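In my numbering, the protein residues as written are -6 to 150. No residue lacks a Cβ here, since even glycine has one placed at the ideal position from N, Cα and C. Because the structure is a prediction, the values reported are computed rather than measured. Input: a single structure, listed below in structure tokens.
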Amino acid sequence: MNIQEILDILPHRYPFLLVDRILEVEPGKRIVGVKNVTMNEPFFVGHFPGFPIMPGVLLIEAMAQVGGILAICSGQEKTGCIPYFMGIDRARFRHPAGPGDTLVISLTTRNVRGSSWKMEGEIHVGEKRICEAEIMAMIRPAPPKQTKKDVSPEENA
């Protein structure tokens, strides 16, 4: 799955889209995605100057985005749905990720109940497992898109 197909599934956009490619999808079972970490990532400006490492929360977010793609690709309706992050258990960070790293993000389905998914995930850089977690997500219909005229003057202030 290329970036255009990912953009058709996920609502995320730069700078918060943290998936570049999907290598494998076994609907309902497992997925493998890739995030190429570059020095141009906006979070490196402050995390940390002179020693850039990808924040752990963004590693988990990348994992959640790949898991969201799995859940959406496994359903009947592949468009018009949004994955919502519900929870995280047993997150562990083993090694830092930084510029030049290619994150290989793998998730396996543990349980599905209706629109709720529980998945086990790992992120590897080469042979090193750098992160692991259990994540929960829920798939819901996307809300209608707001236009400028839909937003009240108080919301624009």
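Distances from the CA of Phe78 to each of Arg133, Pro8, Tyr7 were compared; the closest alpha carbon is that of Arg133. Going by beta carbons, Gly73 and Ala135 fall inside the 8 Å limit.
The beta carbons of Met112 and Arg106 sit about 13 Å from each other, so the pair does not count as a contact at 8 Å. The beta carbons of Leu16 and Val27 sit about 6 Å from each other, so the pair counts as a contact at 8 Å. Glu54: member of the alpha helix (DSSP H) spanning 49 to 67, first to last residue. Beta-bridge pairing by DSSP links Asn104 to Lys111. Exposure of Glu120 is indicated by the presence of fewer than 16 other C-beta atoms within 10 angstroms of its C-beta. Gly114 sits buried, since 16 or more C-beta atoms from the chains shown fall within 10 Å of its C-beta. Taken atom to atom, the span from the alpha-carbon of Arg23 to that of Pro48 is near 25 Å. In the DSSP assignment, Asp82 falls outside any alpha helix (DSSP H) and lies within the beta strand (DSSP E) extending over 74 to 86.
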